[in-house]
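*Asks:* Quick note, the sequences are listed as chains G and F, same order.
In terms of this note's numbering, the first sequence is residues 1 to 497.
In terms of this note's numbering, the second sequence is residues 498 to 994.
The beta carbon of each residue, even a glycine, is placed where N, CA and C say it ideally should be.
Attaching a single structure in C-alpha cells format; questions to follow.
2 protein chains.
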Amino acid sequence: MMHEEEPKNTSVSGLHEGLELRPPELDYIFHPRSIALVGASDHPQNTGNVLLAAFLKGGYKGGLYPVHPTLAEVMGLTCYPDLRSIPYPVDHVFVGIPAQRTPDLMHDCAAKGVRVCHFFTAGFSELGTAEGRALEMQILEIARTNGIRLIGPNSMGIYCPSSGLYLAGGLPHRSGHLGLLSQSGGNSIYLCRTAAMRGAAFSKAVSYGNGCDLDESDLLDYFSDDHDTRVITAYIEGVKNGLRFRHALRKAADAKPTILLKGGKTECGALTVRSHTGALAGSTSVWDGLIQQTGALQVDDLDELIDLALLFLYMKPPRGRRVAVVGLGGGISVFAADAFHGSGLLLPRFSEELKTKLLGMAPTAGNICDNPMDTSILFFNPDLLRRAINAISQWEGIDLVCLHLAYDIIGWDLNPLLDSGLTHQVMHTMVECTRRIKVPVCVVLHHANRPTSYEACIQDQQICWEAGLPVFLSMDKAAKALSRFITYHQKRIRLFC
Amino acid sequence: MMHEEEPKNTSVSGLHEGLELRPPELDYIFHPRSIALVGASDHPQNTGNVLLAAFLKGGYKGGLYPVHPTLAEVMGLTCYPDLRSIPYPVDHVFVGIPAQRTPDLMHDCAAKGVRVCHFFTAGFSELGTAEGRALEMQILEIARTNGIRLIGPNSMGIYCPSSGLYLAGGLPHRSGHLGLLSQSGGNSIYLCRTAAMRGAAFSKAVSYGNGCDLDESDLLDYFSDDHDTRVITAYIEGVKNGLRFRHALRKAADAKPTILLKGGKTECGALTVRSHTGALAGSTSVWDGLIQQTGALQVDDLDELIDLALLFLYMKPPRGRRVAVVGLGGGISVFAADAFHGSGLLLPRFSEELKTKLLGMAPTAGNICDNPMDTSILFFNPDLLRRAINAISQWEGIDLVCLHLAYDIIGWDLNPLLDSGLTHQVMHTMVECTRRIKVPVCVVLHHANRPTSYEACIQDQQICWEAGLPVFLSMDKAAKALSRFITYHQKRIRLFC
C-alpha cells in the first residue's frame, strides 16, 4: 500500500525548485515527507485517528506510520510499537500520548532524526502548576538540543491542504491565499471551514497552542515571506517576547495586510487565557497601541476577521468613502443608511439627473429612488434592475457600490420562489452587470434565517465570490469592514506619498 | 364555497365573551368578519393575491371578496367589479389600487359601512411632495368623517394568526405572546418569521407604514391592554406627537416589557426614513432620553429585539449578574469571558471545592475546570456532562448558568456525527439536567455556518425552547441581552422598593 512505502520525492517544497522565489526558511514544516502518529488507537474519535483519516482523505502523499504499543494495524496502515521501530525516516511526529511520557518520546524523536513534533498533548504550562511548566521546559530543551521544532504543546497542529496536512476532520481540501496562526485549535478549525465557504480559503494555518517553541513571532515571520499567502490572519492570546513580536508584526504588516484578533482583552478573558494556553494576555491599551504603530489591522471577532480578509482578496481599494447602496426593502434601507453612516462611510444623495433616470425605470410608489435605493419593484424585472445598477454605477458621485438582498424580509412565500431559483437569477443579474462597472462592488446577503433561505444564501454567496465579488452577511458587518479597509488604504497612501 | 357565504358569527372577539377580561377598544381591527381585497388580480405575485392566498391557507374564517373591474373570479372566489356590488357587509378593505383612485374608494367604503381600511398602496406623504401630502390628508379626512380606521398608507397591514390574518406569505400560523408595531413591512415579516423559529411567536403584528391614522401611540396603547400580548416590541422610524407617544410608551412600559428599535438614528438614516415612510426621525439624544425616562428598553437591531424578547418570555429574573459558562472549546471560552465581562456580567472563579469536584469528573489536560468551563472531554460522555452541570448549578456563587455549543469549531468531521444525532443527544442531556436546576439557564448555539451544522442548530434550538430554555446565537448577543434583562429587573426592583 502506498502509505507503507517510503515516498521518494514528494516534498512539496520541491514545487518551488526552479522558481526564482525561494521559500522561507521554515517552509519545510509544511512539507513533511513522512508522519508518525504516536497515540493513534483503535478508537475513531481519538485525535490521532481523526488526523490520520484527514491525511488519507486529503491526499497526503508521504509515509504515514501509526504508533501504538500493541496494535498491529490502524485504519489499514501498519502500526509500529514505538518510533524507533519504524524502518523509514520520519520528518514529523504527532504526539497524542499523556504528557508524562513525552520526554521519553522526545529522546526517540532525536534518535530518529525527526524535524518537527506537533504536541496535541496538553497538560503543560496551561495547568498553571510548577510541574506543568517544568515539563514544558524539559521537552523544549530536548527539542532545542536536537534541532527539532515543536508545535504546541496543547495545539491542533498544521493545516496545509496543498500538502495534504489537516488539523481536524471536515476541513476544505481547496487551497487559497490566507495564512493563519492561532493559539486556539477550535478557532483555527472554524476559520478554515467558514472562510472557505465564503470564498477565502487558507494557504496554511498553524494552531500553535502554548507556543513553547514555534510562536507568534516565528509564524508571522514565516507568513511575511510565504509566496502562497497574500493576507496574514492571527488569533493571539498572549505574546512571549514583546520586542520580537513588534518587529515580526511590523515586517508582516509591511509585507501584506495583517489582521489580528486578540483573545483575553478583558480581565476575565485574560484569566481564561491563562487556563487555556498558559499565555499572559497583557494590557489591552499596550496591545492596541502596538497594533496601531505597526499598521496591522485589528478585528473584534472571528467573522469580522473573515469579512476584512475577503476585502483584501477580492476588492480593489475604492477611491474614497462614498457608497451607493442598492437592494430590496425600505426598513432594511434605513438600517443600511444608519450602519454605513455610523461606520464613517458616506451615502451621498443621488443627483437630480440620476434620480430622473431611475424614476424613468421604476414607479415612485413603494420604491426609494435615492441612496440607499430600495428596488422592491425591480425584484421580478432583471432587465430594469440591471439598468438601474448601471445608471448608479456610472454616476461620478460614488466610489463604491453595495448591492444587497435580505431573504426573509421578502413578502412572497419564499419557498416556491427559491425552488424556482429566483434569488439565483437576481444574483446572476447583479453579477453580470457588475462585470462592466468600474468602481468596486460588494454584496450583502442578509436576513437569511429560515433553512431554505439559508441554503439559497450559501449558494448565492458562491455565485458572487466565483465572480470576484466579496459577500458580507449583515449591513453592520459590511459597513465596519469597508470602513476599515478604506482607512487602511488611505493611511498607506499617506505613508508612501 | 365557504368563503363565498357571509359568515354568521366568526368574530374572534367573541372568544372573549363570558371572560372577565374585556378586550381593549381597538380589538375589533384584529377580528374582521369579512375582507374585501380591492386590487386583487390574476397575477399571483400581486400583493392582494399574496394576502388572499395567506388568508385562505391560514384558515381565515370570514368572508373574502376580491374586487376587480373585469375578472369574474380570483383564486376560486367570486370577484366583484366594485366594493358597492358586494352583497354582504364588509368590515375590512385591503387597498391595492393606485393612490390617485383611493379617495373614490374611501367614499365607497363609507357607503358600505367599512370599519378598517388597510392601505398597501403607496404614493402619499413619503414621496415628499405637496401632492402626496394632500392626498394623504384627503383619505384621512374621509376616514375620520366616516368612522373608518386607516392602517398605512404604504404598509403591509395586520398579522393575527389566531384570526387567520396575515401580512405576507410564508408567515407562521402559530400564535404566541409577542406584540409588534412596525413602520416597515419587511421588518415585520422578518421578525414574525424569525422570532417564531426561535420560539417566540407573535400574538399580533401591525405594519402601519406612514401611520396617517392608526399610529405608534394608538398601537402601543392597544398592546398595553391586550390580553394575548405579554411583551411589546416596536420598530419605529418617527413619532407624530411626542407628548402622546411619551404617555403611551410610559403606559406600555409600566404594563409589560416594551422593546423598541429605532430606524433613522443617524443623519443619513433620518433622510432615508423620510423617503420610506415620510416620518421625521427626530433627534437621537431626545429619543434616547425619552426611552430611558419611560422604562422601555432599546435595542440596536432586529435580532437583538428577538434576543431580549426571548428572555422576557422564557427566563425568570436572575438574582444577580454572576454567570457560570459551560461548553466546548478553549478559544471560544476566552471569547465568552471577554463578551460577558465586557457586557458588565460577572464570571466568578469557581471555588476550590467545586474545582476539586469537577477535576474528579474530567481529566485536567485539554479541559478548563474553571469559569468559563471548557468541557471538550465531556462531549462524548453525557453522564459526566450532566454531573458537571449539576455540580456547577448547585454552587451558591452564581445566579445564572449559560450552556453553549459551537458547532463548526468541533474538530471531528461533523457530518457523520450530526447524522448520528450527536448534538441533539448533547442538547437533550443539557435540557434534561436543567429541569432540576434552580437558577435560570440559557443556551448559546453558535458558530453553525455549514449547511448541516445550521440545520442541526435549528433543530437543537427547538429542543431547547420547547423545554423552556431561551437560545442565543452568539456569545456577544447572549451577553448583551442578559445584561439588559438583569439591569431592567434591578431597576424595577429599585422602583418598587
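Spell out the partners DSSP gives GLN795/F in its beta bridges.
*Replies:* For GLN795/F, which the question treats as bridged, DSSP gives the partners LEU757/F.
*Asks:* If you compare alpha carbons, which of PRO87/G, LEU359/G and VAL273/G is closest to ILE865/F?
*Replies:* Here the closest residue by C-alpha is VAL273/G.
*Asks:* Could you tell me whether any Cβ in chain F is nearer than 8 Å to the Cβ of GLU73/G?
*Replies:* Chain F contact via Cβ: absent.
*Asks:* Quick check on ARG981/F: does DSSP put it in helix, strand or coil?
*Replies:* Three-state DSSP puts ARG981/F in a helix.
*Asks:* Since PHE742/F is in the alpha helix (DSSP H), which residue starts that stretch and which ends it?
*Replies:* Its alpha helix (DSSP H) spans residues 739-752.
*Asks:* For chain G, find out if any of its Cβ atoms is closer than 8 Å to the Cβ of LEU979/F; answer yes or no.
*Replies:* Output row for LEU979/F: interface = no.
*Asks:* Taking 8 Å as the limit between beta carbons, can you name the residues of its chain near ILE583/F, skipping five residues before and five after?
*Replies:* Around ILE583/F: ALA533, TYR562, VAL564, TYR577 and LYS609.
*Asks:* Got a sec: is the Cβ-Cβ distance from ILE733/F to anything in chain G below 8 Å?
*Replies:* No, ILE733/F lies away from the interface with chain G (no Cβ there is under 8 Å from its Cβ).
*Asks:* With a threshold of 7 Å, establish whether the CB of ASP524/F neighbours any heavy atom of the ligand NAP.
*Replies:* For the structure depicted, the ligand NAP is absent and the ligand set is empty, with no information on it obtainable.
*Asks:* With a cut-off of 8 Å on the beta carbons, I'd call ALA448/G and CYS442/G a contact; round off their distance for me.
*Replies:* Not confirmed; about 17 Å, so no contact.
*Asks:* What is the C-beta distance between LEU602/F and VAL547/F, in whole angstroms, given that I count them as a contact (C-beta under 8 Å)?
*Replies:* That belief does not hold up - the Cβ atoms of LEU602/F and VAL547/F are roughly 20 Å apart, past 8 Å.
*Asks:* Could you tell me which chain G residues have their CB closer than 7 Å to the CB of GLU952/F, listed as they occur along the chain?
*Replies:* Within chain G, the residues near GLU952/F are PRO451.
*Asks:* Whose C-beta lies closer than 7 Å to the C-beta of ALA836/F among residues of the same chain, with five residues either side of it excluded?
*Replies:* The residues are MET972, ASP973 and ALA976.
*Asks:* Quick one, which residues of the region 22-56 of chain G are near chain F if we go by CB-CB under 8 Å, in chain order?
*Replies:* So the close ones are GLN45, THR47, VAL50, ALA53 and ALA54.
*Asks:* Please work out which residues of its chain come closer than 8 Å, Cβ to Cβ, to SER538/F, disregarding the five sequence neighbours upstream and downstream, and give them in chain order.
*Replies:* The residues are GLY545, ASN546, HIS565, LEU568 and VAL571.
*Asks:* When you check each C-beta in the region 400-416 of chain G against every C-beta of chain F, which residues fall closer than 8 Å?
*Replies:* So the list reads ALA406, ASP408, ILE409, ILE410, GLY411, TRP412, ASP413, LEU414 and ASN415, given in the order they occur along the chain.
*Asks:* Distance check for ARG319/G and TYR488/G, CA to CA, integer angstroms please.
*Replies:* Distance between the alpha carbons of TYR488/G and ARG319/G: 12 Å.
*Asks:* Thinking just about the alpha-carbon of each residue, which of SER217/G, VAL231/G and CYS117/G is nearest to the one in ILE29/G?
*Replies:* Ranking SER217/G, VAL231/G and CYS117/G by Cα distance to ILE29/G puts CYS117/G first.
*Asks:* What's the call for ARG436/G, buried or exposed, on a 16-neighbour Cβ count within 10 Å?
*Replies:* Burial call: exposed.
*Asks:* Measure the Cβ-Cβ separation of CYS402/G and VAL323/G and say whether it is below 8 Å.
*Replies:* Yes. Within cutoff.
*Asks:* By DSSP, does HIS446/G sit in helix, in strand, or in coil?
*Replies:* HIS446/G falls in the strand class under three-state DSSP.
*Asks:* Can you give me the start and stop residues for the alpha helix (DSSP H) that ILE889/F sits inside?
*Replies:* Note, ILE889/F: alpha helix (DSSP H), 879-891.
*Asks:* I'd like to know if ALA976/F contacts chain G, where contact means its C-beta is closer than 8 Å to some C-beta of that chain.
*Replies:* So, not an interface residue.
*Asks:* LEU260/G and ALA279/G look like a contact to me (Cβ under 8 Å); what is the Cβ gap, rounded to whole Å?
*Replies:* Between ALA279/G and LEU260/G the Cβ distance is about 14 Å, and since that is not below 8 Å, they are no contact.
*Asks:* Leaving out five residues before and five after ARG84/G in sequence, what residues of the same chain have Cβ atoms less than 7 Å from its Cβ?
*Replies:* These residues qualify, in order along the chain: ASP108, ALA111 and LYS112.
*Asks:* Using only alpha-carbon positions, find the residue among THR258/G, GLN462/G, ILE332/G and ASP300/G that is nearest to HIS428/G.
*Replies:* Checked all of THR258/G, GLN462/G, ILE332/G and ASP300/G; the closest Cα to HIS428/G is GLN462/G.
*Asks:* What does ALA698/F touch in chain G if you count any residue whose Cβ is under 8 Å from its own?
*Replies:* Those within 8 Å of ALA698/F in chain G number zero; the least Cβ separation is about 14 Å.
*Asks:* On the criterion of 16 or more Cβ atoms from any shown chain inside 10 Å, does LEU473/G qualify as buried, or is it exposed?
*Replies:* LEU473/G comes out buried.
*Asks:* Taking SER283/G as the reference, which of THR294/G, THR266/G and VAL299/G has the closest Cα?
*Replies:* Nearest of THR294/G, THR266/G and VAL299/G to SER283/G, Cα basis: THR266/G.
*Asks:* What residues from chain F crowd round LYS265/G, counting only those whose CB sits closer than 7 Å?
*Replies:* What LYS265/G touches in chain F: ASP835.
*Asks:* In this structure, what does DSSP give as the bridge partners for PRO506/G?
*Replies:* Residue 506/G cannot be examined here, being either before or after the span of chain G that is shown, 1 to 497.
*Asks:* Is it true that the region 713-720 of chain F meets the region 656-675 of chain F, where meeting means three or more beta-carbon pairs spaced less than 8 Å apart?
*Replies:* No: the two stretches stay apart, fewer than three of their Cβ pairs being nearer than 8 Å.
*Asks:* Just list the residues that DSSP pairs HIS118/G with in beta bridges.
*Replies:* Note: HIS118/G sits in a beta bridge opposite PHE94/G and ILE151/G.
*Asks:* So if I threshold CB-CB distances at 9 Å, which residues from the region 929-948 of chain F count as touching chain G?
*Replies:* So the close ones are HIS944, ASN946, ARG947 and PRO948.
*Asks:* For the beta strand (DSSP E) containing ILE729/F, name the first residue and the last one.
*Replies:* Segment 728-733, the beta strand (DSSP E) holding ILE729/F.
*Asks:* By the DSSP assignment, the alpha helix (DSSP H) with GLU683/F in it spans what residues?
*Replies:* Here residue 683/F is Gly; the residue named in the question, Glu, does not match the sequence. Run containing GLY683/F: 682-694, per the alpha helix (DSSP H) assignment.
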